[in-house]
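Take the sequence shown: its position 66, counting from 1, is numbered 69 in this note's numbering, and each next residue is one higher. Working notes, beginning with the structure itself.
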Amino acid sequence: MALPAIELKNVSVGFDGEIVLQNVSLTIHEGENFVLVGPSGQGKSVLLKLMAGLIEPLTGEVLIRGQNLKSLSREEKQKVVCKMGMLFQKNALFDSLSNAENIAFPLREVTSLSPDEIESTVDKFLEAVGIGHAKNLYPDEISGGMQKRLGIARALALNPEIIFYDDPTAGLDPITSRKIIELIIDLQQKNSSTVVAITNDMNRAYQMADRIGMVIDKGLILTGSVEETKHHQDARVHQFVRGDLEGPLMVMS
Ligand SMILES: Nc1ncnc2c1ncn2[C@@H]1O[C@H](COP(=O)(O)OP(=O)(O)O)[C@@H](O)[C@H]1O
Ligand SMILES: [Mg+2]
4 MALPAIELKN
14 VSVGFDGEIV
24 LQNVSLTIHE
34 GENFVLVGPS
44 GQGKSVLLKL
54 MAGLIEPLTG
64 EVLIRGQNLK
74 SLSREEKQKV
84 VCKMGMLFQK
94 NALFDSLSNA
104 ENIAFPLREV
114 TSLSPDEIES
124 TVDKFLEAVG
134 IGHAKNLYPD
144 EISGGMQKRL
154 GIARALALNP
164 EIIFYDDPTA
174 GLDPITSRKI
184 IELIIDLQQK
194 NSSTVVAITN
204 DMNRAYQMAD
214 RIGMVIDKGL
224 ILTGSVEETK
234 HHQDARVHQF
244 VRGDLEGPLM
254 VMS
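This is the structure in structure tokens:
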């Protein structure tokens, strides 16, 4: 059987003596679309960065296609990390570069493409996310939805096999949000990639997910498929799913 795309084995993460995640285990399969939901501040972004190799666990292991990030040399880890792309929560676009340059920059840094190849790659990905016309504008000259599209194009231009989307519809209106998720699903199917996405919006989670997990109380509750999540027994899941709560939950444990 093929190795899973991502495996977390009993990972714990903390900052300055504060534990954020404790003993989290998770297996994400190749080609799967896994969605993380849950109230703010519970560790969703931390969990995503952990899988992307951007932060290290205090204990436990992170395996990408069976390779333990901790036991790899710098060069080996770099190779694994290069196969992963990330849309950050706040897009992390370069404001002083044009939209086209935002995509070209990482291509120049990490690939050996010629200038012509870079230009055609930039055009292809701007077109793929529907903002080819905004090529020569700057990020602050385009709408929030277009900025997300640009962030997605930049992440995908490096042809990643695993893509992380941190809250790709945050701050967008419902119609734009739906379109961004349609775009993510469409691009995933075209590229047969593995996707891990965070959202606080259950409708978007249901639209996108093969499987859902909820990050809460320093742990991860694997809530299962969309149908299983809708009818999950755990009171915290039930409350989040029904109320779509953003803030701390009022649950007696
Ligand atoms: N680099 C960091 N240093 C210190 N604390 C952090 C860091 N990153 C995240 N945290 C803390 O970890 C907790 C979870 O954060 P985060 O994963 O961003 O939550 P969310 O579920 O909203 O994405 C928060 O209390 C946050 O303050
Ligand atoms: Mg977050």
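All C-beta atoms in this analysis are idealised placements derived from N, C-alpha and C, irrespective of residue type, glycine included.
Taking 8 Å as the cut-off, is the C-beta of residue i nearer than that to any heavy atom in ligand 1?
i           : result
residue 92  : yes
residue 58  : yes
residue 18  : yes
residue 43  : yes
residue 23  : yes
residue 106 : no
residue 201 : yes
Quick one: what does DSSP say residue i is sitting in, helix, strand or coil?
i           : result
residue 91  : coil
residue 25  : strand
residue 97  : coil
residue 12  : strand
residue 148 : helix
residue 55  : coil
Do you know whose CA, among the options, lies nearest residue i's CA?
i           : options           : result
residue 120 : 161, 95, 99       : 161
residue 222 : 44, 6, 8, 19      : 44
residue 158 : 198, 240, 69      : 198
residue 184 : 171, 192, 196     : 171
residue 156 : 215, 94, 175      : 94
residue 228 : 27, 246, 147, 209 : 209
Comparing the CB of residue i with every heavy atom of ligand 2, is any distance shorter than 8 Å?
i           : result
residue 169 : yes
residue 47  : yes
residue 219 : no
Classify residue i: buried if its beta carbon has 16 or more other beta carbons within 10 angstroms, exposed otherwise.
i           : result
residue 111 : exposed
residue 238 : exposed
residue 113 : exposed
residue 22  : exposed
residue 13  : exposed
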